[in-house]
Amino acid sequence: MYDLGQMKTGLLNPNEAIWELHSKLSRLMFNRNDEPIPERDWDNLLLLDACRYDIFEDANTLSGNLEKYYSVASNTSEYVVKTFRGEKYPEMVCVTATPKYYKPNVEDSFHDVIHVWKDDWDEEYGTVLPEVMNERVLEVTKKYPNKRILAHYIPPHQPFIGETGQSIPHGGKFSGGVREYDIDDPNIWDALREGKYDKNKVWKAYLENLKITLPAINKILEKLQGKTVVTSDHGNVFGNVSEFNLIGHPSRRHIKPLIEVPWLVNQNGDRKTIERGHIGDMSEDMDDTEVQERLTDLGYLE
């Protein structure tokens, strides 16, 4: 049911009302039986940001059983809130390369949250590289051998770190609390929407990001004990007619290329013995400017 305010919003924004209806129909069509990830069976979960199923299936070099999973969201902010906000998972430790878990009532959902982006941000590429993320994940598994480890990697999400991607100017600049975008360094999805970049070249850069990341994931799969899942929070679209001409990964757009993601299960040795424990103290102060800088590097405009 919708309240009066929501109905008013729908009347004032009919396009949003249509997408809301489409999202609900999509949930019925695609996700009737998929459990939220905290309720599914895994010891370690490696989440590749913005990794759609069909492209992963074609590029995949990882061993394990690959299935489809239908996400609750079409972008990371929506995913994090819908999956974790207000819930408690004392058996789970979150290792994140993205600042998206730095949110009220999300960060305090876990036994511990390790913000890798704070100390291991690559200034040249504007991201956390997958090999660096691996190192931190392995450190955390040694510290917490009896916890479920949720590791959120950034690629294949932009910035694009491969040869093709580096030839496409993209990203953002952040200065004095104000985001500044200019014609020489535009947001990749805005530029694609405006016809400044070739769609096929951007798609190639995205695929390149995934192919660069998979060898790193393969290495860590060999070292992680138990049942490890490789999945994603949402997919990505490039403006094709079959994708409703959408670009990037806008929120609440629950079309197949945005919510159909991989669910690859890899078994390595005995299962971990998981202990629930308690929710950790997440009262560490963070510099909001630093948070915004990192989000800007990742192309977020919020």
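Mapping of the sequence shown onto the UniProt record's numbering: position 266 corresponds to residue 266, and the numbering continues sequentially without gaps. Quick reminder that beta carbons are idealized off the backbone N, C-alpha and C, glycines included. In this text the structure is predicted, and so the values were computed from the model without any measurement.
Own chain partners of residue i with C-beta closer than 7 Å, once the 5 adjacent residues on each side are dropped
| i | result |
| --- | --- |
| P90 | H111, R276, G277, H278, I279 |
| V128 | A97, V116, W117, D120, W121, D122, I154 |
| K211 | A59 |
| Y125 | P159, I161 |
| V80 | K100, Y101, K103, V106 |
| E243 | V237, I255, P257 |
Residue i versus residue j - alpha carbon distance
| i | j | result |
| --- | --- | --- |
| Q225 | S63 | 15 Å |
| H249 | Y197 | 17 Å |
| D213 | S167 | Asp is not the amino acid found at residue 213; the sequence shown has Thr there. Going by the C-alpha atoms only, they are around 18 Å apart. |
| P257 | K201 | 19 Å |
| T61 | P215 | 8 Å |
| P169 | F160 | 10 Å |
| K82 | S74 | 11 Å |
| E57 | W42 | 21 Å |
| E222 | G269 | 10 Å |
| T141 | E135 | 10 Å |
| E78 | R253 | 11 Å |
| V241 | I255 | 12 Å |
| F84 | D34 | 16 Å |
| K272 | R40 | 15 Å |
| K143 | A151 | 14 Å |
| V230 | W189 | 26 Å |
| K88 | L46 | 20 Å |
Coil, strand or helix - residue i by DSSP
| i | result |
| --- | --- |
| R271 | coil |
| W263 | strand |
| L66 | strand |
| N209 | helix |
| K256 | helix |
| L224 | coil |
| F56 | helix |
| T141 | helix |
| N44 | strand |
| I217 | helix |
| Y101 | helix |
| P169 | coil |
| R276 | coil |
| G177 | With a pLDDT of only 28 at G177, under 50, the local geometry of the prediction cannot be trusted, and no value is derived from it. |
| F160 | coil |
| N134 | helix |
DSSP bridge partner residues for residue i (one or two, in chain order)
| i | result |
| --- | --- |
| N146 | Its beta-bridge partners do not exist; DSSP assigns none. |
| C94 | V113, L150 |
| D122 | T127 |
| K201 | Per DSSP, none; premise fails for K201. |
| V229 | L45, V265 |
| V72 | Paired residue(s): none; V72 is not in a bridge. |
| Y89 | F110 |
| G248 | V237 |
Residues near residue i by beta carbon distance below 6 Å, same chain, minus five either side
| i | result |
| --- | --- |
| T76 | K100, D233 |
| N44 | I149, L224, T228 |
| L48 | Y153, S232 |
| Y206 | P156 |
| A191 | Y197 |
| N236 | A50, R52, H249 |
| K68 | Y53, E260 |
For residue i, the nearest candidate out of the options (CA to CA)
| i | options | result |
| --- | --- | --- |
| I37 | L246, T228, K103 | T228 |
| residue 337 | V202, P104, S74, K219 | There is no way to answer for residue 337, as the model of the chain reaches only from 1 to 302. |
| I55 | N245, H170, W263 | W263 |
| N209 | E163, E67, E139 | E163 |
| L138 | V80, E107, F160, V95 | V95 |
| Y53 | R271, E260, L246 | E260 |
| E194 | I247, Y102, I255 | I247 |
| L66 | N266, K147, I274, N236 | N266 |
| V93 | I114, D270, L46 | I114 |
| N187 | E78, Y125, Q158 | Q158 |
| K204 | V106, G165, V241 | G165 |
| P130 | S251, D108, I217 | I217 |
Cut-off 8 Å between Cβ atoms - residues of its own chain near residue i, not counting five sequence neighbours on either side
| i | result |
| --- | --- |
| G239 | L192, R193, K199, N245, L246, I247 |
| residue 303 | Absent from the structure is residue 303, since the part of the chain shown begins at 1 and ends at 302. |
| S251 | A73, S74, N75, S77, E78 |
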